[in-house]
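Remarks on the structure that follows.
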Amino acid sequence: MNRRDFGKVMLLAGASALLSPNPLLAATEGPTLEAIRARGALRIGVFAGTEPYYHKNLATGEWEGFCVSMGRDFAERLGVKLELVETTWGNAVIDLQSNKIDMMFGLSNTPERAKVVDFTKALMDNTFTLVVRKDLEVTTWEEMNKPEMRVAVDLGSTQDKFARKTLPNCTLVALKSADETILALQSGRADAIIQVALLAVVTTKNLAQSAKLIIPQPQASQPTTIGVRRDPNGEFRDFVDGWLADRRKEGKVSGWVVDSLALVGVDKAKLPANLTF
């Protein structure tokens, strides 16, 4: 074969490669993404009463919330429809394992959960904050780390673990539920509640006459992630991470989070200037 013929062969081979499916790309998609494309639908878990994460309009049956917005955007990226499957935080991992859903937005990564499902990188950082009585003036976590400071948390929560680590000298008021911590603050049995920012802005709005929101220094946060079905080599997780990195860089994720606060009557213009997601 002379040089001219060899060049023609290589040109044809290159054109053929461009027109043919890329076998390497197809191989790296993994079984979950292949199943979603074949089904023509992305299935995400949704959970009523968890505003601003998820909100179901009882009059219309329509779902809203920043997690729904993210699911809709990811489905559009894949060119498939979005299918919403009702679940709970407690059942989400089982639903991922049993192939009822493909993703659960807003699911925290724990060592136990990570044994059976994959987790993405952080979709946002949820800042730890204090909801305190109006007359309490503190600016740092260290100021709360005293026996005379009564700090309420819901037992077994991320806030509980954070408090035990960060405020070992405070008087910890560990209660069964988040609602009980709010009652403790209202009744004077606690001076402050530790909550992540998304919940704290709602609590502060509801207790506007008696409480205020403080973001103590140094700021501390926990990553909120997306639980996804596990592929043999993490192909689906890696694909979602790529989409998530793009959307975070573009500011879309923080925009969805802040806009969703309107579902619980929180005016985004009144959020603390140093609060970020």
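With mature numbering (1 follows the signal peptide of the UniProt record, and there is no 0) applied, the sequence shown corresponds to residues -26 to -1, 1 to 251, in that order.
For each residue, glycine too, the CB sits at the ideal point set by N, CA and C.
- For the 8 Å CB-CB criterion, valine 175 and leucine 104 do not form a contact.
- In the DSSP assignment, the residues bridged to threonine 101 are Ser195.
- Taking lysine 186 as reference, the option from Leu173, Thr34, Gly39 with the minimal CA-CA separation is Leu173.
- Methionine 118 is bridged by DSSP to nothing; it lacks a bridge partner.
- Beta bridge pairing from DSSP links aspartate 128 with Leu149.
- With a threshold of 16 other beta carbon atoms within 10 Å, serine 184 falls short and is exposed.
- Contact check between the segment 64 to 75 and the segment 188 to 200: fewer than three CB pairs, one atom from each, fall below 8 Å, which does not count as touching.
- Looking only at Lys55, Lys150, Leu58, Ser82, the smallest Cα-Cα distance to valine 67 is reached by Ser82.
- Taking C-beta atoms under 8 Å as the contact rule, phenylalanine 102 and serine 228 fail to qualify, at a distance of about 18 Å.
- The C-beta of lysine 30 has 16 or more other C-beta atoms within 10 Å across all chains shown, which makes the residue buried.
- By DSSP's assignment, glutamine 169 forms a beta bridge with Thr103.
- Counting the other Cβ atoms within 10 Å of the Cβ of proline 26 gives 16 or more, which makes it buried.
- As the crow flies, the alpha-carbon of arginine 87 is around 11 Å from that of valine 202.
- For methionine 44, the enclosing alpha helix (DSSP H) has its first and last residue at 40 to 52.
- Below 8 Å, too few C-beta pairs join the segment 14 to 23 and the segment 212 to 232 to call them touching: fewer than three.
- Our two residues, leucine 146 and glycine 80, have alpha carbons roughly 27 Å apart in a direct line.
- Ranking Ala33, Leu32, Asp47, Leu52 by CA distance to the CA of alanine 12 puts Leu52 first.
- Linking arginine 138 to leucine 58 through their CA atoms gives a straight-line distance of about 37 Å.
- Around the beta-carbon of threonine 34, fewer than 16 other beta-carbon atoms lie within 10 Å, marking it exposed.
- When the five nearest sequence neighbours on each side are left out, the beta carbons in the same chain lying within less than 7 Å of the beta carbon of aspartate 134 are those of Val127, Asp128, Ala148, in order along the chain.
- One thing to note: lysine 226 has its Cβ no nearer than 8 Å to the Cβ of leucine 235.
- In the structure shown, leucine 237 falls within a helical segment according to DSSP collapsed to helix, strand and coil.
- Under the three-state reduction of DSSP, aspartate 76 is assigned to coil, being neither helix nor strand.
- Where valine 59 is concerned, the enclosing beta strand (DSSP E) starts and stops at 55 to 60.
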